[in-house]
Every structure is written in structure tokens, then in C-alpha cells.
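First the structure, in the form of C-alpha cells, and then the observations on it.
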Amino acid sequence: MNAQLKPREFPLPSSVKVISGTEGAQAAYPYHIQFSKADDQKFWFYNSMHFPEPMSAFDMVTAEAAYCALGASNTRVHCLPTTLGIDHRIINGRVYIGGNAVTDPKEIVRRTAEFQKRAFYYYQNWESLYAHWKQKMLKLIEDAKAMPDPALPEFEPLEHVHAGRGIASNHDLLVTYQKTLEGYFRMWHHHFEFLLLGYGAYLTFFGFCKKAFPEITDQTIARMVAGIDAEIFRPDDELRRLARCAVELEVDAHFREGASVDDVMRSLRAAGEPGRRWLEELQTSRDPWFNINVGDGFYHYHRSWNDDLSMPFSAIPGYARSVRAGEPLDRQVERLRVERSQLIADYRELLANEEERAAYDQMIALAHRVFPYVEGHKFYCEHWYTNLFFNKIRSFGAMLAAHGFFANAEDVFHLTHYELEAAIIDLMNAWSSGSEPRGPAYWPPIVAERKAAINEWARHETPPALGPIPDVIDDPAIVMLWGITRESLDNWLSAGAATDSNEVRGFAASSGVVEGIARIVKSVEEISRLQQGDILVCRVTNPTWTPIFQKIRAAVSDIGGSMSHAAIVAREYGLPAVVGTGNATSKIKDGQRIRVDGGRGIVTLLH
Amino acid sequence: MIVAKYISWFRDIGLDDRPKVGGKGGSLGELHRAGINVPAGFVVRTEAFEGFVDVLEQRSPLRARVEGLAADDLEGMGAVSRELRRRIEDAPLPADLQQEIREAYGRLGELRLPPAVAVRSSATTEDAADASFAGLQDTYLWVVQADSVMRKIRSCWASLYSLESLSYRRRRGIAESTVAMAVVVQTMVDARTAGVMFTRSPISGDRSVITIEGAWGLGSALVSGEVTPDRWVVSKITGEISVREISDKAIRHARSPVGGVEELPVEEPLRREPCLSDAELESLRAIGRQIERHYGRPQDIEWAIDRHTQQILLLQSRPETVWSNKDSQTAATRVSDPLLQVMNIFGGQR
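So the protein lines, in turn, are chains G and B.
Here the first sequence stands for residues 440 to 1046, where the numbers follow my numbering.
Here the second sequence stands for residues 30 to 379, where the numbers follow my numbering.
Right under this line is the structure:
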């Protein structure tokens, strides 16, 4: 693109065409999330942070449930003064969102009064409400775990009949499905119950620091606030514990590089008492700490450690070697705590006067108060619960596949949740009438068409934003959750001019400069390609990936901010990291030599 | 050894001695006391200047000639300036002062032969945080031999009678009896790299970062603006380097074999390479922080790295003045209900 001819505005939604041949797949999404002419009046941006890949028909439930809950919290529960909720639309598998700002000053005043009665109550009673939240969340998880896998016996079990149960097993399918769906929508309400308030308190401190110390880095502020024993570190802590157990029980030699999970499990089972005891320890760690997904849990194919043990097992040999070498393995929690206090005290000392120090004390106290939730909710909501949810849907997929609806269970994710209910009812009817279900003739070509559409959509770029550019982005929800400002929009508009540069820019997440060989890792299956000393270049990382940080020299991701998983763990390991580059995995070639400057957020392609 | 009447070594003085050793001398003594490496040296105190001027006064009036000038009489001022400068530069120093300077200079020579020194004026009003008299007096670099040192001391004193200095004093009505000058005589650093350091961002006023600028060779190339320095911004607290600007440093200043300073080209690829290592940046950060803590306020610092020992030496430190005068803006204040702080985010910025 010629630099002089860069576009001044983004395309209108109505000008974005459904890619030819994918119209059927596009039509699967419900009417209320299809773009209409009226949407041309509004500004939309592509939510590549949460939905970086084209969405399959079922996975759109995540957007639907999440925005339903986010908006309710903002608009109706806490009454944020300057913003309502977020609208979402989908085209070519890409999720676009647009915020609804409140601009009428009178309305802002009215909502401010409501906000202070509601949100302030949450701040004042944070710990007890958060304890209550954890109870609710654990109950929800228990309920989800207790739900039976769907099954249709040939004859209703005799004990049901004798007990006068009065409903047959086909009805249980509907109950389980609807409860599963209801649980997912409910989980997202829990997810947003505190979230904006938590981010708001954090950003209050963040904004103050940026004003008092204009050149302070985001990562330094993050370090002052971040928790030290947050849930996010637990899965990796458990792996270290298991590695230590393996050495103590002298079973660590069973974890050979390159051995499959089945081989390792077999040889541990054959290893007598020590093997049995280690497997018991594994069981303790798995529930719940291996319920972390290889993505952020928004897609059905973000599987967990529990679903695939190869990731955690691949990390054990390295940790076991460290134990054998007598190296300290545990995170130095006390040292980290002391360092954090020192950091806070050092910045405090530099403030101009006692007034500023008093304000600083007030703001960091609040940030520390809210942060356990901000960090902790992800494990319960986006990992543990979404994992249960998608696996339950998968079990419906397996049942439908067994009845000939699909070639395999995973195909279920190409139906919307409305269509899935219809397919389940089709099967319920067939089971009751004794006829054949209609689904086996109906769904396979549709699934094939939608799979092809997803592949096609993934091959096309999509505009970063649509519609008229607002003069100012003053919506705290948009700024907080997506980091989108007027400045970043201007960068998007001029991005075309910079495509031939040999630099990739992102958030400076963890400082330090290193050079090395880039290893593009697009999925968890490719992790085994990482060699000691490589630089990890990936779409996004999450707690599952933590153990590989012992192998790499630096990390670069397409997605994420200074509080993202990759950033937090890189700081923990003292590795340079640049996150949220947008396009590192497509611009950098596998095996290419690159320089990562984590202090400036710049990746340089060397040749 | 005789007790020095006119000379003080850096180790024996501090900021409190400024009335007698001037701003520069007091600051160097203070740094030395704080445990900072400064090039070895001594101060020729104001008593020496006063004694010398008293002798001149006995021959014919000097201070009265200045006080008789009108602030706007530039022509008359020029004539008086020329006359007084010549009288100062031509008159011999008193014998006891000569002896003290020769002896002290000789002791600097124990460190390296032949001792090359900087002779720098250290006015009693200069470098004070409130009145900037800086730049009106002279500095002479790479001075060798005691006779030359004494000549340059007289030149420093004479610079008090430059047209600019006289006009400055006449405009402000400063009494001549209060005017005095000390002179710093300090070993030159044969610098591999030299530069400046601000313990507060000159751009944003941020107190949490240290800005370091440096170039190859002597600091004069950078101070005079003949070379664009490399520039780093380092977090004062964490040491993270947030900005690294490595510039093309085409020339450097070096000690000339024929005396003084010469300009030399910097060869490739050195000219495009950083003139400081990360370890040196880290040492400078620690030094900057130590000096700032010692003085209790942000500082502008000149430093150099010795070509032979690779040791970092501090040449000068003075309080930062630009931002400290703007300090009235407060980022936020305490509020009765701490929760009201969140309205900064939720209340909208319209």
C-alpha cells in the first residue's frame, strides 16, 4: 500500500462481503448477530484478542454468553456512569464488537449516583463477596461435574420404572443439555461480577503512576500490583512438586524424552509401589490444577492438561534434572514478596510530596485488594469451567456420532447451540418413535460446508475495524479490556504503510534483549519442536505453556497485554518478552534469526 | 610540609565550604566525601584571589573602576574589561601561593606523568540552585606544567572581568567586594567515553528514570554539540532500559599530542556502536541514585570513563533546575473516601 494513499477511515460494515462460497456457513449464525444496514452508523472493531481465529458455529456461544453477562454488569448491575454494554456481530467467522457509550451529562450524573451505591459496596465488601463468589463458582463446577453423560438405553432401566420415575431417558438429554448451556451462561455472569470493578481499581493506580512517572513501563506497574501466590502459578508449581516426588520415589527415569504418555503411564504402573504412589500424587494435582486449557478457553479445541497429559509430562524431565542437580526449584515466594514491597516503597519515595504519597497509598491498597479476583477468576471460569462445558458438549457429539449424525464427535461444534438442541430433540423423537433420526441425512453435508468455510475464512485477512471513527474512545470498558485508544486506531489505519519493515512491535512485557532462532509454535502439538535456547513465537500463551519457559530464551506473542500470561511468566523467569504484536506468527519465519527487545516491545527480523 | 593557606584538597571540603571554594569545588569535595570517584584535585580558594587582588589594588584601584561603570555604558565597560584582564593576566602570583600550587600540582603528578589537569573557575555564586552564573567563567583543559597552570588560574580570575561578567554584575548591582572566585585544578580523565546523566527525565520530568547520554572520547564533543550522543533511559528503581538510541558518532575529542584537544574521526563500525555497555549503564544508574540520595534532589551529572582503567569518574554534579521549578502539579491527592479515586477511571474524562 502506498503511504500517501492510506485510508482515512475503516470500511463500513455493509461494504464487507461474505466470502464467496461461505454464504451458507455465514447464515448459520443467528439473525441478531448478522450485520445490518443500520450498523453502518456505528464504530466496530475486530475482537482479535479473544477471538483470534474464525469462530465455528457452536463456539459463538462464548461471545453470546460473555457479552450478555458483561453488558448486564455494566448497564444494569453496577451502572457504570459512562458506558453501557457491548454489541457483537459476526462476519466471515470474525467477531466484531462495538461499545455503547453514555454521553448525556445528565445521564452520567444519574448513573454515577447508582454506581456509587453498587460498585462502592462491592469495593467495601470485596473480600467477603469474593469468598461468596468462590463458593458460588465451586458449586457451579460441582453441578457441572455431577451432570451425567448423555446416553439412551434400548429399554428404560427397570428401577426407573419401578420407582415410578415417570420421565424417560430421552428427556434427560434435554435436561442435561439445557442445564449445560444454562451453566455456561451463568458462569459468564459470575465471570463479570467483579471484573470491570477489578480492572477499574487497577487502572486507577495505573493511571496515577503514568501521571506521576510519565516514563514508567507498564510492566513495572504490573509488577507492583501482581499477586505472588496467584492461582495462575499453581499448575506449574504442581509440576515442580511432581518432579520432586518423582526424584524422591526414584521414578523420574520413566519420563524419557520422546516417550508417549501411554508408554510413561504403563511403565509407571509396572514400577510397583513407588510408581503407584507417584500416580496418586498425579491424581491429587490433576484435580483441579490440570484443568487449564491450551488457549484461553474460548474455543472448543482449547483442550486441557487433563485431556492431554503430554504437555505436563514433557516438562517433568527438565524439572527432575534440576532437582537431581540440587538447584532450587520452588518459586522464591518470600523473596518475590520482599522485592515487590521494595519496588512499591522505592516509587513511593520518589513522589513529589505527602499528598501524592497519601493518594498512592489509597490507590495501591485498592488495587491489591481487587487483584486476587482479577488474577484468580480465569482459572475457575475460563479454564476449569469452560473445559467441563466443552467436554460435556463433546459427549453429546459422541452420542450423536454414534447415532450416525456425524463422522466424529468433534463435528458437533459446527452446529450452533440452537441447532444442537434441535439435533438432540431429533434423536429424542427418533428414540421414542422407534424411527430413524433425520440428522444423519441432514447434518453431514452442512458440517462439511462449515468446515470448508472456516478454512476459507482463516485464509483471508479481516479489517481491524469497521465504520466511522469516533473522535475519542472514552469507554472505560473498551480501554480496559482491549487497550483500544484513538491512538491505536490511528496506528491501525497507517499499518499498511509499514508492512515491509523488518520490525514487529508489541507491548513491552518483560525487559532484556536477546538474539536467537525463532520457533513458530501455532498449536500445542508443535511445542515439541522447541529446542533449548529457541525464541518462542506464538499466537497466545496460557498457563499450560508455563513449563516450556524453562527451555526458551525469549517469548513473542500475537495476542496479549502486559498482564497477559506470557508477560507474567516471562517476568517470573527473567526472559525478554514482547506480546500483543498482532502478527508476529505470520511475519516471522520459522528458523529465522530475530532480536527481541522486551524493554521496548520491538522484535527485529535479522535476515 | 607547610600548612596550606590557599589550597584545599577535595577530601577536606564539602558544600558548606562553598563561600571559600566555590560551587564547583564544594560539589566535587562533597561527591568525594560521599564515596563517589572523582578525578583527584584541589581548589585554589577565594583567599588566594582576594590576596592577589589586594596586591593589585595597592598599585591602582580595581574594584572601584568597576563600580564606577554605568550598567548601560558598554563602551566604557569594554575598555575597563580589557585593562583589568590584562593587569590580572600579567601580574605574578604571590610567592607563597606559587609554592603551594607547585607542590600540590606535583602531588597530582604522582598519579600519572606528566600530569594533565583541567583548570576550572569555581565562582562562589555559580552552581547554586537559585542563581545560574554558569557559563560565564572559563575552563581550560589539558593544561600541563605548573607555570601553565598558574597562567590559567590567572585567566580564570580574569574571566570575572570579561565584558559579559561585568555587564551581568552591573545590571544586577552586585557589590564588587562580594565578588570572589576559587579555581579547581583537577586531573584530566583521558576518557574512552564521556557524557552527562540526568536523574530526572529532561523531557517529561519523570523522577523515576535516569537519562544517560554519552559519546566516544572526551565530553567536550558532546557538551559542545559537535556529536549526537547515544541516549538511554533507565528506570531508576528497576534498572530496566526503556530507550536505547544509538547514534552515528562521526567524531570524537581526544587529547592532542601538541597540547589541548583535537577532533578525530571515529572509524566504522565503532561510530555506530553503543559507547556504553549495559554493565556500565547499571553502574551509572547506581552512582546517579547515590548522588541524588546524598543531595536529596534530582541532579545533572557529568561523568567520564577512564580509557586506561575503565573506571567511571564523576566530573560534576549540580541540582536539576528546569523541572524542580515546575513542581507545583500534583498527580493526585488524598480523598476522604479512597473509593472516589476510581472515579478517575469510571467517571469519564470529558
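Ideal Cβ positions, reconstructed from N, Cα and C, are used throughout, including at glycine.
Can you list the residues of chain G that residue i reaches, using a CB-CB cut of under 8 Å?
{"i": "Pro-367/B", "result": "Gln-801, Met-802, Ala-804, Leu-805"}
{"i": "Ser-230/B", "result": "Pro-653, Glu-654"}
Shorter than 8 Å from the beta carbon of residue i to some beta carbon of chain B?
{"i": "Glu-654/G", "result": "yes"}
{"i": "Ala-797/G", "result": "yes"}
{"i": "Pro-756/G", "result": "no"}
{"i": "Thr-924/G", "result": "no"}
{"i": "Ser-453/G", "result": "no"}
{"i": "Leu-905/G", "result": "no"}
{"i": "Tyr-562/G", "result": "yes"}
{"i": "Gly-646/G", "result": "yes"}
{"i": "Ser-950/G", "result": "yes"}
{"i": "Pro-1047/G", "result": "This structure leaves residue 1047/G out entirely; chain G is present only between 440 and 1046."}
{"i": "Phe-559/G", "result": "yes"}
{"i": "Thr-1020/G", "result": "no"}
{"i": "Thr-1043/G", "result": "no"}
Residues of chain B with CB closer than 8 Å to the CB of residue i, please, in chain order.
{"i": "Asn-792/G", "result": "Thr-359"}
{"i": "Arg-1039/G", "result": "Ser-271, Val-272, Arg-273"}
{"i": "Lys-650/G", "result": "Ala-360, Ala-361"}
{"i": "Thr-659/G", "result": "Ser-264, Ile-266, Thr-267, Glu-269"}
{"i": "Ala-519/G", "result": "Correcting the residue type first, residue 519/G is Leu in the shown sequence and not Ala. Those are Phe-375, listed as they occur along chain B."}
{"i": "Leu-789/G", "result": "Arg-236, Ser-237, Lys-265, Ile-266"}
By the criterion of Cβ-Cβ separation under 9 Å, what are the contact partners of residue i in chain B?
{"i": "Asp-785/G", "result": "Ser-237, Lys-265, Ile-266, Thr-267"}
{"i": "Leu-782/G", "result": "Ile-266, Thr-267"}
Going straight from the alpha carbon of residue i to that of residue j, what length do you get?
{"i": "Gly-711/G", "j": "Asn-609/G", "result": "45 Å"}
{"i": "Arg-11/B", "j": "Gln-215/B", "result": "Residue numbering for chain B in the displayed model covers 30 to 379; residue 11/B lies beyond these limits and cannot be assessed."}
{"i": "Gly-460/G", "j": "Ala-887/G", "result": "12 Å"}
{"i": "Val-686/G", "j": "Ala-754/G", "result": "14 Å"}
{"i": "Asn-792/G", "j": "Thr-522/G", "result": "34 Å"}
{"i": "Glu-492/G", "j": "Phe-810/G", "result": "29 Å"}
{"i": "Leu-342/B", "j": "Ile-991/G", "result": "38 Å"}
{"i": "Phe-71/B", "j": "Ser-285/B", "result": "24 Å"}
{"i": "Phe-633/G", "j": "Lys-584/G", "result": "24 Å"}
{"i": "Ser-743/G", "j": "Leu-678/G", "result": "15 Å"}
{"i": "Tyr-562/G", "j": "Leu-368/B", "result": "8 Å"}
{"i": "Pro-653/G", "j": "Gln-370/B", "result": "19 Å"}
Use the C-beta contact count for residue i: other C-beta atoms within 10 angstroms, 16 or more gives buried, fewer gives exposed.
{"i": "Gln-801/G", "result": "buried"}
{"i": "His-400/G", "result": "A query on residue 400/G cannot be resolved here, the shown segment of chain G reaching from 440 to 1046 and no further."}
{"i": "Ala-590/G", "result": "exposed"}
{"i": "Leu-790/G", "result": "buried"}
{"i": "Asp-914/G", "result": "buried"}
{"i": "Gln-971/G", "result": "exposed"}
{"i": "Phe-594/G", "result": "exposed"}
{"i": "Leu-545/G", "result": "Checking the sequence shown, residue 545/G turns out to be Lys, not Leu. Classification for Lys-545/G: exposed."}
{"i": "Ser-150/B", "result": "buried"}
{"i": "Gln-480/G", "result": "exposed"}
{"i": "Glu-86/B", "result": "exposed"}
{"i": "Leu-299/B", "result": "exposed"}
{"i": "Arg-201/B", "result": "exposed"}
{"i": "Val-364/B", "result": "exposed"}
{"i": "Tyr-560/G", "result": "exposed"}
Residues of chain G with a CB under 7 Å from the CB of residue i: which are they?
{"i": "Arg-363/B", "result": "Glu-794, Ala-797, Ala-798, Gln-801"}
{"i": "Ser-233/B", "result": "Pro-653, Glu-654"}
Closer than 8 Å, CB to CB, is residue i near chain G or not?
{"i": "Asn-66/B", "result": "no"}
{"i": "Gly-437/B", "result": "With chain B covering 30 to 379 only, the question about residue 437/B has no answer from this structure."}
{"i": "Gln-328/B", "result": "no"}
{"i": "Val-262/B", "result": "yes"}
{"i": "Ala-209/B", "result": "no"}
Taking C-beta pairs closer than 7 Å, name the residues in chain B that residue i reaches, listed in chain order.
{"i": "Ala-640/G", "result": "Val-371"}
{"i": "Pro-811/G", "result": "Chain B residues near Pro-811/G: none, gap ~17 Å exceeds 7 Å."}
{"i": "Phe-554/G", "result": "Phe-375"}
### Query
Taking only runs of the alpha helix (DSSP H) that begin and end inside the region 716-790 of chain G, which ones reach a length of at least 4 residues, in chain order?
Runs found: 749-763, 772-789.
### Message
So within the region 112-156 of chain B, which uninterrupted beta strand (DSSP E) runs reach at least 3 residues, ignoring any that extend past its ends?
### Response
145-152
### Entirely enclosed alpha helix (DSSP H) segments - the region 877-921 of chain G, minimum 4 residues
878-897, 915-921
### Query
Unbroken beta strand (DSSP E) runs of length 3 or more, entirely within the region 205-230 of chain B: which are they?
210-216, 220-227
#### Entry: Continuous beta strand (DSSP E) assignments of at least 3 residues falling wholly in the region 514-594 of chain G
Runs of the beta strand (DSSP E) inside the region 514-594 of chain G: 522-530, 533-540.
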